[in-house]
Amino acid sequence: MSNNKLKRRQILGIYTVGIIMFVGILYFVELALMEATFTKDKDYIYVNKTIFEEEIPVIASSKNIIKPYLDNSVKILRDFYEKDDSLQEQEKSLFFYEGTYIQSTAICYGNGNTFDVVSILDGKVIDTKKDDILGYIIQIEHSPNVISIYQSLSEVVVEKDATIKQGQIIGKSGTSNMNKDLGNHLMFELIINSENVNPEDYYDKSIDEL
Numbered sequence: 439m440s441n442n443k444l445k446r447r448q449i450l451g452i453y454t455v456g457i458i459m460f461v462g463i464l465y466f467v468e469l470a471l472m473e474a475t476f477t478k479d480k481d482y483i484y485v486n487k488t489i490f491e492e493e494i495p496v497i498a499s500s501k502n503i504i505k506p507y508l509d510n511s512v513k514i515l516r517d518f519y520e521k522d523d524s525l526q527e528q529e530k531s532l533f534f535y536e537g538t539y540i541q542s543t544a545i546c547y548g549n550g551n552t553f554d555v556v557s558i559l560d561g562k563v564i565d566t567k568k569d570d571i572l573g574y575i576i577q578i579e580h581s582p583n584v585i586s587i588y589q590s591l592s593e594v595v596v597e598k599d600a601t602i603k604q605g606q607i608i609g610k611s612g613t614s615n616m617n618k619d620l621g622n623h624l625m626f627e628l629i630i631n632s633e634n635v636n637p638e639d640y641y642d643k644s645i646d647e648l
C-alpha cells in the first residue's frame, strides 16, 4: 500500500515538474515573440522615417533665389509692369503686339548676344515646349507655390520631369515674335502663389521669406 502511495507521489511530482517546465517554456516563447514583434515595429518605424526623409522639398529653403543668367553684362531690356509705377515707367513695361499694347508680366533680359540661361533654384521641369509666338519655353516648379518660366529661348537642354539644380544651364537665350524689337533676349516670369510677381523683388530671398 505504501509502495502505491510512493508511486502516486512520484507520478504527481513528475506531472508537477512537467507542468512547471511547460509554463516556463510558454513564458520564454511569449517573451521571444514580444521581442520579435517589438523589433519588427522598430524596423517599420525606421523604414517610414527613411521614406519620409527622402520626400524632401524640391528646393532647400536655405537657398536664395539667383538671377536666371550668369553673364554680368546682361541687363534689363523690358521691365515688369507695376500698377503703382509712374506713367513713364509703365510705358517701358508695355510691348506692342498685333496692334495691341500689352502689360508685361515678365522681365526681358539681354545683352545683344546669346547667353546661357540657368535655373534660379533647385526644382523639377514641369513643361518644355516650342511656341510660335514666344519661342522655346521651360517651366520649373521649385515648391508647391513657386514656379519659374523661361521664354524666348533658342535652345533647351533639359527634358520634362528632369530634376534641376540651382544654377544649372537649362537653355540659351533667343528671339520671339512677341518681342522682335528686343533682339536676342530671355523673357523671364516668376509665379508665387499663382500670381505673377516682379522677379527683381525676389532675387537673394529664400523660400522661407516668400
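Reading the sequence shown from the start, the letters are residues 439 to 648 in my numbering. Note that beta-carbon positions come from the ideal geometry of N, C-alpha and C, so glycine has one too. Since the model is a prediction, treat every value here as computed from it, not as a measurement.
Determine the direct distance from the alpha carbon of S581 to that of N549, and round the result to whole angstroms.
-> Those two C-alpha atoms are separated by around 30 angstroms.
Since I believe Y519 is in contact with S531 (beta carbons under 8 angstroms), could you give me their beta-carbon distance rounded to a whole number of angstroms?
-> Sure, about 4 angstroms apart at Cβ, within 8 angstroms.
Check E633 in the structure and name its three-state DSSP category.
-> E633: strand per DSSP, three-state reduction.
Of all the beta strand (DSSP E) runs that stay within the bounds of the region 534-616, which reach a length of 3 or more residues?
-> Listed in chain order, they are 538-541, 545-548, 554-556, 561-569, 573-581, 584-594 and 607-611.
Run of the alpha helix (DSSP H) containing L525, from where it starts to where it stops = From DSSP, the alpha helix (DSSP H) with L525 extends over L525 to E529.
I504 versus S592 - alpha carbon distance | If you draw a straight line from the Cα of I504 to the Cα of S592, it is about 21 angstroms long.
Quick one: what's L508 bridged to in DSSP?
-> Answer by DSSP bridge pairing: none, since L508 is not bridged.
So, do the region 609-623 and the region 640-647 have three or more beta carbon pairs nearer to each other than 8 angstroms?
-> These segments do not touch.
What residues are listed by DSSP as bridge partners for I514?
-> Partner(s): Y547.
Quick one, which of S511, K501, Y507 and R516 has its alpha-carbon nearest D619's?
-> Of S511, K501, Y507 and R516, the residue nearest in Cα terms is R516.
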